[in-house]
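Peer 1: Questions regarding the structure given below will be posed in turn.
Number of protein chains: 4
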Amino acid sequence: MDIENLQQRLRDFAAARQWQPYQTPKNLAMAMVVEAAELVEIFQWLTPEESQNLDAARREHLGEEIADVLLYLLQIAAHSGVDIEAAVERKLTLNARKYPAPAGSD
Amino acid sequence: MDIENLQQRLRDFAAARQWQPYQTPKNLAMAMVVEAAELVEIFQWLTPEESQNLDAARREHLGEEIADVLLYLLQIAAHSGVDIEAAVERKLTLNARKYPAPAGSD
Amino acid sequence: MDIENLQQRLRDFAAARQWQPYQTPKNLAMAMVVEAAELVEIFQWLTPEESQNLDAARREHLGEEIADVLLYLLQIAAHSGVDIEAAVERKLTLNARKYPAPAGSD
Amino acid sequence: MDIENLQQRLRDFAAARQWQPYQTPKNLAMAMVVEAAELVEIFQWLTPEESQNLDAARREHLGEEIADVLLYLLQIAAHSGVDIEAAVERKLTLNARKYPAPAGSD
Numbered sequence: 001m002d003i004e005n006l007q008q009r010l011r012d013f014a015a016a017r018q019w020q021p022y023q024t025p026k027n028l029a030m031a032m033v034v035e036a037a038e039l040v041e042i043f044q045w046l047t048p049e050e051s052q053n054l055d056a057a058r059r060e061h062l063g064e065e066i067a068d069v070l071l072y073l074l075q076i077a078a079h080s081g082v083d084i085e086a087a088v089e090r091k092l093t094l095n096a097r098k099y100p101a102p103a104g105s106d
Numbered sequence: 001m002d003i004e005n006l007q008q009r010l011r012d013f014a015a016a017r018q019w020q021p022y023q024t025p026k027n028l029a030m031a032m033v034v035e036a037a038e039l040v041e042i043f044q045w046l047t048p049e050e051s052q053n054l055d056a057a058r059r060e061h062l063g064e065e066i067a068d069v070l071l072y073l074l075q076i077a078a079h080s081g082v083d084i085e086a087a088v089e090r091k092l093t094l095n096a097r098k099y100p101a102p103a104g105s106d
Numbered sequence: 001m002d003i004e005n006l007q008q009r010l011r012d013f014a015a016a017r018q019w020q021p022y023q024t025p026k027n028l029a030m031a032m033v034v035e036a037a038e039l040v041e042i043f044q045w046l047t048p049e050e051s052q053n054l055d056a057a058r059r060e061h062l063g064e065e066i067a068d069v070l071l072y073l074l075q076i077a078a079h080s081g082v083d084i085e086a087a088v089e090r091k092l093t094l095n096a097r098k099y100p101a102p103a104g105s106d
Numbered sequence: 001m002d003i004e005n006l007q008q009r010l011r012d013f014a015a016a017r018q019w020q021p022y023q024t025p026k027n028l029a030m031a032m033v034v035e036a037a038e039l040v041e042i043f044q045w046l047t048p049e050e051s052q053n054l055d056a057a058r059r060e061h062l063g064e065e066i067a068d069v070l071l072y073l074l075q076i077a078a079h080s081g082v083d084i085e086a087a088v089e090r091k092l093t094l095n096a097r098k099y100p101a102p103a104g105s106d
């Protein structure tokens with residue numbers, strides 16, 4: 001996935017619609033958590049097992065919500081000067097330190 | 001960003017810690033919205049202007065929360081058979097249809 | 001507000017619709033955060049000032065979302081054996097300890 | 001629960017700490033969803049059955065998070081001119097219309 005290209009397309013999309021005044025990181029964070037909750041809504045009444053076996057309609061819906069959250073993350077990062085790929089690598093390193101693997105497992 | 005590579009690393013990380021029984025899409029969605037709210041928390045008492053001018057410590061914190069949300073999105077997609085890049089392109093097409101640009105703007 | 005009466009009415013409402021199997025605290029917590037995000041959605045693109053001056057339609061919408069979140073809180077508490085009024089008093093005491101008032105202010 | 005009394009105590013608490021400038025409905029909504037997600041976090045890795053049988057420590061933690069969300073709801077309502085009890089009754093009426101009970105059940 002070409003993150004910078006996506007971020008540029010999102011910037012152009014917002015500029016063409018004159019949305020920039022609304023797109024503060026604060027507002028984008030709010031919009032992001034709204035989409036995150038719409039993703040949660042898909043699963044709220046499902047059993048754990050049902051959540052592992054979505055039908056095609058729900059899987060497509062899930063794809064839309066994943067995309068919505070992701071696109072807001074990309075915009076928050078772009079507006080805040082965060083390098084997503086570096087942040088992901090740093091986080092993976094932190095996680096490996098925080099949750100050491102049992103001996104012999106990796 | 002190499003999404004499949006990241007998804008494989010996350011799968012190996014979880015397997016080494018025997019976390020698979022916990023990682024249903026339902027549970028991962030809950031974990032994702034928790035991280036999304038931690039991102040919101042960074043901005044909750046800031047003015048719109050302050051949210052546009054994070055200091056270095058907050059920017060680093062923001063990078064961690066963006067990474068946390070993103071890593072859960074990748075896992076939800078992997079466990080549910082969602083192709084993230086295709087979902088993103090489909091969503092961008094839907095958005096362009098839903099919010100037509102003013103004439104002459106793009 | 002008569003909390004126990006509301007909790008009884010919610011219990012009867014769910015029972016009449018045979019919703020009990022779905023109403024685990026885990027699922028109710030998911031439903032609650034979804035409603036919480038719908039409340040956030042009302043404010044996401046508003047300036048701080050606009051958020052202080054909602055028109056009648058938005059105020060009515062806000063009332064619905066407040067009620068939705070509250071009704072799920074009441075159900076989570078009922079299903080988990082939490083005494084809400086006691087929890088609120090305990091929390092207010094904790095907050096007063098955590099954030100001491102400046103001398104002479106209260 | 002005496003809602004107006006609680007709202008007055010919350011107003012006094014905020015005033016004594018000079019928090020009023022931060023307490024726009026927009027900011028309070030953000031803080032509310034953060035607490036809602038902290039409530040979700042309690043349940044994220046639990047099975048549905050485990051969520052129905054919290055131990056004493058988790059039940060106390062749950063009480064704190066319920067109180068946190070509720071106290072922000074009360075503040076949002078107070079700052080926005082929403083009458084919570086009227087909103088709850090209206091919502092219960094709407095729900096009864098939206099989800100009619102099967103014949104003979106209530």
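Protein chains in written order, with UniProt numbering: chain A, 1 to 106; chain B, 1 to 106; chain C, 1 to 106; chain D, 1 to 106.
For every residue, glycine included, the Cβ atom is placed at its ideal position computed from N, Cα and C.
The structure presented is a predicted model; accordingly, all values stated were derived computationally and were not measured.
1) Between B:Q7, B:A37, B:D2, which lies nearest to E65 of chain B when the distance is taken from Cα to Cα?
2) Which whole runs of the alpha helix (DSSP H) in the stretch 17-48 of chain B are 4 residues long or more, in chain order?
3) Look at the alpha carbon of A77 of chain A and the alpha carbon of A103 of chain D, and state the distance between them as a whole number of angstroms.
4) If you drop the 5 nearest sequence neighbours on each side, which residues of the same chain put their C-beta closer than 7 Å to that of T24 of chain D?
5) Is there at least one Cβ from chain C nearer than 8 Å to A101 of chain D's Cβ?
6) Put Q7 of chain B into one of helix, strand or coil per three-state DSSP.
7) On the premise that A16 of chain A lies in contact with A16 of chain B, defined as a C-beta separation below 8 Å, what is that separation, rounded to the nearest angstrom?
8) So is L70 of chain B buried or exposed if we call it buried at 16+ other beta carbons inside 10 Å?
9) Quick check on DSSP: helix, strand or coil for Y99 of chain C?
10) For the alpha helix (DSSP H) that L70 of chain A lies in, which residues bound it at each end?
11) Can you tell me which of the three DSSP states D83 of chain A falls into?
12) Do D68 of chain A and E35 of chain A come within 8 Å of each other at the CB atom, strictly closer than that value?
13) Say whether chain A places a C-beta atom closer than 8 Å to the C-beta of A29 of chain B.
14) If we ignore side chains and look at the alpha-carbon of each, how far apart do Y72 of chain A and H79 of chain A end up?
15) Could you confirm whether any beta carbon from chain C is found closer than 8 Å to the beta carbon of residue 124 of chain B?
16) Residues of the stretch 35-46 of chain B in Cβ contact with chain D at a cutoff of 8 Å, in chain order, please.
17) Does the beta-carbon of G81 of chain C have 16 or more other beta-carbons within 10 angstroms, so that it is buried, or is it exposed?
18) Taking Cβ-Cβ distances shorter than 7 Å, what residues in chain C pair up with Y22 of chain A?
19) Given A31 of chain A, which residues of its chain have a CB within under 8 Å of its CB, disregarding the five upstream and five downstream residues?
20) Since K26 of chain D meets chain C, which of its residues come closer than 7 Å, beta carbon to beta carbon?
21) Alpha carbon to alpha carbon, how far is W19 of chain B from A86 of chain A? Give it in angstroms, no decimals.
22) Apply the 10 Å Cβ neighbour rule to A56 of chain A and answer buried if 16 or more other Cβ atoms are within range, or exposed otherwise.
23) Compare the Cα-Cα distances from Y22 of chain D to each of B:F43, B:A14, B:L74, B:R59 and report the closest residue.
24) Quick one: grab the DSSP three-state call for L2 of chain B.
Peer 2: So, to answer that:
1) It is B:A37 whose Cα lies nearest to the Cα of E65 of chain B.
2) 25-43
3) 53 Å
4) none
5) yes
6) helix
7) Contact flag wrong, Cβ pair sits at about 46 Å.
8) Buried, since its Cβ has 16 or more Cβ neighbours within 10 Å.
9) Here Y99 of chain C sits in coil by DSSP.
10) 56-80
11) coil
12) yes
13) yes
14) 10 Å
15) Since the first residue of chain B shown is 1 and the last is 106, residue 124 of chain B is not available in this structure.
16) A36, A37, E38, V40, E41, F43, Q44, W45
17) exposed
18) W45
19) Y72
20) F43, L46, P48, S51
21) 25 Å
22) exposed
23) B:F43
24) The amino acid at residue 2 of chain B is misidentified as Leu; the sequence shows Asp. Reduced to three states, the DSSP call for D2 of chain B is coil.
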